[in-house]
Amino acid sequence: MALQNQLSDPNEFLELLQKSFEATSVHFEDVKWNVIENRLRKNPEKLNSLFQLEQTGGEPSLLDYDSEKDIYIFCDFAVESPPQRRSLCYDDQALESRKKFKPAGSATSQAEELGAELISEQQYLKLQMIKTIDTKTSSWIKTPDEMRELGGALFGDYRYGRVFFYHNGAESYYAGRGFRCVIRV
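For the sequence shown, the residue numbers in this note's numbering are 222 to 406.
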């Protein structure tokens, strides 16, 4: 994945993140935007990673705050899995195992390029409690090593009024399956 331009105007992007935060801030009673903004200004690499999520269609916002570790957890809030991040197998091992019809890349590698990681099952469920997502698409989910060693990988979506998690061969890829990222700040 070719990364988008580097963040040139942090103030403009921070305003966008603030609006996104305010739209979901009801879920975070004790979290104040000015604290998040200061943290992001002190971590320009994280701010740029969030910018890359935005540039690739992810619409990042705050998902959670870990008060014990003092970590803000951002993720992709786009209604559907971002189009620029679809038609990918799960990881590079799966990509290399394909003999024919290889996709353009893998979800885990592209997440790394963005400075992020794949969303976990628990994070995906939390996101679905805040906002219904993936009603027409699906998203690769961080998969336990034991499952990955057997060739499988997890993905999730929302159908029939509930969240579903499924398994697939990690080398599979579909036009309607992408990935969602998480960034810890």
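Using N, Cα and C, we set each Cβ at its ideal position, and we do this for glycine too. Keep in mind that this is a model prediction, so the values were computed, not measured.
Per DSSP, the beta-bridge partners of Y387 are F376. The three-state reading of DSSP puts I340 in coil, since its state is none of H, G, I, E or B. In the three-state reduction of the DSSP assignment, L268 falls in the helix class, which pools H, G and I. For F295, the enclosing beta strand (DSSP E) stretches over residues 292–297. Of G399, N255, E236, the smallest CA-CA separation from S330 is found for G399. In this structure, the alpha-carbon of Y395 lies about 11 Å from that of W361. Here K347 really is in contact with L284; their C-beta atoms are around 6 Å apart, less than 8 Å.
At a Cβ-Cβ threshold of 8 Å, S302 and S359 count as neighbours. When C-beta atoms of the stretch 368–376 are compared with those of the stretch 234–244, fewer than three pairs fall below 8 Å, so the two segments do not count as touching. L335 sits in coil when the DSSP states are folded into three classes, being neither helix nor strand. Secondary structure at L371: coil, using DSSP grouped into helix, strand and coil. By the Cβ rule, the stretch 250–259 counts as touching the stretch 283–299, because three or more pairs are nearer than 8 Å.
DSSP lists W361 as the bridge partner or partners of F400. By the C-beta criterion, the stretch 376–395 is judged to be in contact with the stretch 304–323, since at least 3 inter-stretch pairs fall below 8 Å.
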